[in-house]
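Engineer: Please see the structure below; I have some questions.
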Ligand SMILES: [Zn+2]
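Residue numbers (this note's numbering): 836 to 1322.
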């Protein structure tokens, strides 16, 4: 048996003005043997695919894999190029490929497609035959549609946010696919879509009542003998018809059993509706900064200030407020600012330069903050990830700069990436414990690395495109009746 492996992964913030071009996917793409050798054993879904296939004595073929940080709509050219490449790869070896292990995020959008993953799967089946076996691994934040489900033989999602189980999800998906192809199981699926969507900041799976819903899904799997159950929270910042929660169950031949399970879990989610929104955790950003400064003066470990509504790793509300309150030692890891990085490279290490930092990805990003800074490092940075979510995977930040403005240290990047582990410190010779306040922009993923070192976590609401208050966003395509968008 031989299984092909491919991934085309993007979480799309449809409200952002800048599109995400093919060049960004190309810059992150791994192909063929490099895909297999670079990602085997890593924390990624591909790592899980590769590990499970090897353990089962099945052959693999790497097609293409590209995972780009969340940003604005994916260009149709990027969608078309990756689809064509995967179809081409499958067709070229059609005589010896028995099926495809595919990872898509599940919350992609393009300017002309509101359910691109469903279109992607339909096009694969149109090219390779309606029975061509496809096993699909999706992100917990997927906006799963009925059409998406119809395009695959089986669908498995991450159970956890932070997504520390990506490798395990790849393994689950691959093991079920191999079982199906060997004739040991006959996967059939059911889906339910309770009509609500959670802001990402509330999707940490350790938070109640989400933790209990997840636990019930796991217990149901064992009680009912289902092959797999996934609870998807959806992605609130992709304005698409399928926005919001979904529960997917995979049964061995018995569809009624899958239907009963997703029905029970959907009812549980509907009943927990108001408690899922942990609004009491959110502070306006000025209050959050003021509290962080007071706390940092007493704490022995860093206070994490979470500018969670930022979706491009460049918003400046918290940095601007902190620059007005000198005192604490502040770290701003992974601030996306290609122009400041270029200026630092031109000036060289040791130079003092005037910068306009961040805040330009959209009109809601806060605008640039003027700071005079010393260049402590400027140059390219590539390494193998070490954190719980990027362990063993190649990380290429492109050109970067470490900028020191008084007591504020900024690690500026030319490639947009979220700080979710300690690499933004350790890879640059910095120690997170040397700082009083650390400014992060992750929603849940940072918890896997930072909860252990933080004195506390303060969540700051800003007017950016990823707020906890979804009423501030101009939805147009979300289907009617999805709470809290329309009732
Ligand atoms: Zn996710």
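Even glycine gets a Cβ: it sits at the ideal position worked out from N, Cα and C.
(1) Pop quiz: residue 1032 and residue 1080 are said to be a contact at Cβ under 8 angstroms. What is the actual Cβ separation, rounded to whole angstroms?
(2) Shorter than 7 angstroms, the distance from the beta carbon of residue 938 to the closest heavy atom of ligand 1, or not?
(3) What beta strand (DSSP E) runs, 3 residues minimum, are completely inside the segment 1131-1171?
(4) Give the range of the beta strand (DSSP E) segment to which residue 1065 is assigned.
(5) Excluding sequence positions up to five away, which residues of its chain have a Cβ less than 7 angstroms from the Cβ of residue 1153?
(6) Among residues of its own chain, excluding the 5 on either side of residue 1137, which ones have a beta-carbon nearer than 8 angstroms to its beta-carbon?
(7) In whole angstroms, give me the CA-to-CA distance for residue 974 and residue 1185.
(8) Expressed to the nearest angstrom, what Euclidean distance is found between the alpha-carbon atoms of residue 927 and residue 921?
(9) Of the residues 977, 1002, 1003 and 972, which one's Cα is nearest the Cα of residue 989?
(10) For the segment 910-946, list the alpha helix (DSSP H) runs that are entirely contained and at least 4 residues long, ordered along the chain.
(11) Which one of 888, 1160, 1312 and 941 has the shortest CA to CA distance from residue 1013?
(12) Find the nearest neighbour of residue 1260 within the set 1240, 842, 1278 and 1284, judged by alpha-carbon distance.
(13) To which residues of the same chain is residue 1007 closer than 7 angstroms at the C-beta, ignoring the five residues directly before and after it?
(14) The alpha helix (DSSP H) spanning residue 861 covers which residue range?
(15) Quick check: does the Cβ of residue 1175 come within less than 7 angstroms of any heavy atom belonging to ligand 1?
(16) Alpha carbon to alpha carbon, how far is residue 1252 from residue 1155? Give it in angstroms, no decimals.
(17) Please report the straight-line C-alpha distance between residue 1173 and residue 1193, rounded to a whole angstrom.
(18) Any heavy atom of ligand 1 closer than 7 angstroms to the beta-carbon of residue 974?
(19) Using a 10 Å radius around the Cβ and a threshold of 16 neighbouring Cβ atoms, would you call residue 1090 buried or exposed?
(20) Measuring CA to CA, which of 1248, 1065, 1097 and 1223 is closest to residue 1233?
Structural biologist: Result, derived from the coordinates:
(1) 7 angstroms
(2) no
(3) 1138-1142 and 1165-1171
(4) 1063-1067
(5) 1120, 1124, 1140, 1142, 1274 and 1295
(6) 1131, 1166, 1267, 1268, 1270, 1271, 1272, 1273, 1288, 1289 and 1290
(7) 43 angstroms
(8) 10 angstroms
(9) 972
(10) 911-927
(11) 888
(12) 1284
(13) 991 and 1063
(14) 857-863
(15) no
(16) 20 angstroms
(17) 9 angstroms
(18) yes
(19) exposed
(20) 1248
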